[in-house]
Each structure stands twice: as structure tokens, then as C-alpha cells.
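Asker:
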Amino acid sequence: RVALADVVSLSPLRLAAEDEALIVDADAGNAEAECDLGLLLLTQDRAPEAVRWLARAADRLYPEAMHQLGRCYLVGRGVAADRDAGMSWIGRAAARGHVTADAVAAYLKDNTPPPALLDAALDAIEQRVILGALDEGLR
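Numbers 118 to 256, taken from the working numbering, label the letters of the sequence shown in order.
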């Protein structure tokens, strides 16, 4: 029997001890874990692998995965850039109550930033939404 810790030690990924449980949960079909693994892979410049995990979670209707997968399509990270596919995933996340996806959809409805600036624009929208939520929580 192969121990996960032995396999993880051979991986080029930088993984914390708690990431082993994340991998097990993602492999078992937990949508939140699939999304989190996809996000972890994005931070380690493994975008094609990240997109596969995000797509699994998005197919399970996990809104954060839908949003992040949409972003990948919009900016061409791990997949060929495809505005229609990106907007579809963003719209589906927004329809499921994802506040950031809703803000992104509203922004992109009226704006078409140049591709080189799109990722930064999306980051700024996310930051604005998060800071707004934090500000609301302090009131």
C-alpha cells in the first residue's frame, strides 16, 4: 500500500501538512476541497491542473469554483482565453449568490479592459468586494 505522505514528498508542489487532507478530500469528490486544491495549484503556477480541479467543483455547482473557473477562461489561465465561457461561469456563480462574481459580471457588462489589464481589473473588483464586506462587518 502506498502512503500519501510518501507520494507527496516526491511532488514538485510546495505542500503544507494540512494539504494532504485537502488532496484526499478533493479526490473523494468534495467540491470545496476540489476548488481549494485548484486555487492552491494556481498559486504554484500549475494552471492547467488547477483548471481541471476547478471544473470538477464547478460541475458540482460550487459557486467559488464557478467564479474562479470563469476568471481562468476570461484571462486565459490554464485554458485558451474564451470570454463567452468565462462570462457563462461567472454568470452561473452570480446566479448562485456569489457576490464577487456578481460584481465582475456587472463590471464586464459595461467594460472591456485590454487583455493585459483584465486580470488586474478582476483582482481590484475582488479586493473591493472583500473590503466592502469587511467594512460592513465592522459596523
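The beta carbon of each residue, even a glycine, is placed where N, CA and C say it ideally should be. Small disclaimer: the values here were computed from a predicted structure and weren't measured.
1. My output table needs one value for His-184: the three-state DSSP class, helix, strand or coil.
2. Please name the residue, chosen from Asp-240, Ala-134, Asp-236, that lies closest to Arg-194 on a Cα-to-Cα basis.
3. So Pro-230 and Ala-238 are supposed to be a Cβ contact under 8 Å. How far apart are they, rounded?
4. Quick check: what's the CA-CA separation for Ala-143 versus Ala-150?
5. Return the chain-ordered list of same chain residues with a C-beta closer than 6 Å to the C-beta of Ala-164, the five sequence neighbours on each side being excluded.
6. Ordered along the chain, which non-local residues of its own chain (more than five positions away) have a Cβ less than 8 Å from that of Ala-250?
7. Please report the residue range of the alpha helix (DSSP H) in which Val-221 lies.
Answerer: Quick answer:
1. On the sequence shown, residue 184 is found 67 positions in, with the first residue counted as 1. Helix, per DSSP.
2. In the sequence shown, residue 194 corresponds to position 77, counting from 1. Measuring from the Cα of Arg-194, the nearest candidate turns out to be Asp-236.
3. For this step, residue 230 is matched to residue 113 along the sequence shown. For this step, residue 238 is matched to residue 121 along the sequence shown. Between the beta-carbon of Pro-230 and that of Ala-238 there is about 5 Å, and that keeps the pair under the 8 Å contact cut.
4. Position 26 of the sequence shown, counted from the first residue, corresponds to residue 143. Position 33 of the sequence shown, counted from the first residue, corresponds to residue 150. The alpha-carbon atoms of Ala-143 and Ala-150 are separated by roughly 5 Å.
5. The sequence position of residue 164 within the sequence shown is 47, counting from 1. Same-chain partners within the cutoff: Arg-194, Gly-195.
6. Position 133 of the sequence shown, counted from the first residue, corresponds to residue 250. Within the same chain, Ala-250 has close Cβ partners Val-216.
7. For the purposes of this step, residue 221 is taken as residue 104 along the sequence shown, with counting starting at 1. Its alpha helix (DSSP H) spans residues 216-227.
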